[in-house]
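Worksheet: one structure, shown below.
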């Protein structure tokens, strides 16, 4: 069975401070991990995927297989980062399994 | 093509009635997914199609739920004899053929169809 855990439902960070949204997963094989984001009144959309190893909007995420984690990080938070963030996992079955999400609020 | 389109955006119905949702994916995408999302939860997988073939169904999809994609283009999700527990946002997403070792895809989501069962 595949499972994604996001331990924080809510996270508030001051503008300019570092951000870290936690994601842990459970999967018996080698998964592919994603972060999806939903801004206010917008559709759920892909933020980044681990195989791309790229930075999107200043966010990065490193897959740590030893700790089964895929935390999302940004060194300096911006007000426009306020959104709902979902970590997701895809295994051999190819369906995406989502975590429960973390609502990030950036305090001006 | 303006992305994934879902209709209706909001449906209010009485318990016991049938409802149908439609999803029009991005035209060149051959995979189509249905997810359900309730308050405070992430999207939960229901089913997915590759072209017109339904390849996987979640155990969440009881026999009251049926999904079709008859010509490999648009899809419908029907819920028969609705119950209050069916109240949720129903999300459709589409993606191109899988890439990479595991065939994992990048999904483009629609705005969702919100169902309220009274």
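Residue numbers (this note's numbering), protein chains in the order written: chain A, 601 to 708; chain B, 6 to 123. Backbone N, C-alpha and C define an ideal beta-carbon position, used for all residues, glycine too. From a predicted model like this one, the values you see are computed outputs, not experimental measurements.
Buried/exposed call for residue i, threshold 16 Cβ in 10 Å
i: residue 90/B; result: exposed
i: residue 676/A; result: exposed
i: residue 674/A; result: buried
i: residue 106/B; result: Bear in mind that a pLDDT of 42 at residue 106/B, under 50, signals an unreliable position, so the number given afterwards is only what the model happens to contain. The residue is exposed, with fewer than 16 neighbouring Cβ atoms inside 10 Å.
i: residue 612/A; result: exposed
i: residue 642/A; result: exposed
Beta-carbon spacing of residue i, residue j below 7 Å
i: residue 636/A; j: residue 648/A; result: no
i: residue 11/B; j: residue 116/B; result: yes
i: residue 82/B; j: residue 65/B; result: no
i: residue 84/B; j: residue 9/B; result: no
i: residue 80/B; j: residue 37/B; result: yes
i: residue 69/B; j: residue 86/B; result: yes
i: residue 689/A; j: residue 646/A; result: no
i: residue 679/A; j: residue 615/A; result: yes
Chain A within 7 Å of residue i, Cβ atoms only
i: residue 24/B; result: no
i: residue 5/B; result: Residue 5/B lies beyond the residue range present for chain B, which begins at 6 and ends at 123; the question has no answer from this structure.
i: residue 59/B; result: no
i: residue 114/B; result: yes
i: residue 79/B; result: no
i: residue 48/B; result: yes
i: residue 111/B; result: yes
Pairwise C-alpha distance: residue j and residue i
i: residue 671/A; j: residue 22/B; result: 43 Å
i: residue 650/A; j: residue 687/A; result: 11 Å
i: residue 77/B; j: residue 99/B; result: 12 Å
i: residue 708/A; j: residue 74/B; result: 47 Å
i: residue 114/B; j: residue 666/A; result: 31 Å
i: residue 97/B; j: residue 618/A; result: 34 Å
i: residue 53/B; j: residue 699/A; result: 19 Å
Interface flag, residue i vs chain B, CB-CB below 7 Å
i: residue 657/A; result: no
i: residue 641/A; result: no
i: residue 705/A; result: no
i: residue 700/A; result: yes
i: residue 623/A; result: no
i: residue 610/A; result: no
i: residue 614/A; result: no
i: residue 633/A; result: no
Beta carbon proximity, residue i to chain E, threshold 7 Å
i: residue 685/A; result: You won't find chain E in this structure, because its protein chains are A and B.
> Any residues in the segment 662-674 of chain A with a beta carbon nearer than 7 Å to a beta carbon of chain B? Which ones, in chain order?
Replying inline: none
>> What are the residues in the segment 67-95 of chain B lying within 9 Å of chain A by C-beta distance?
In response: none
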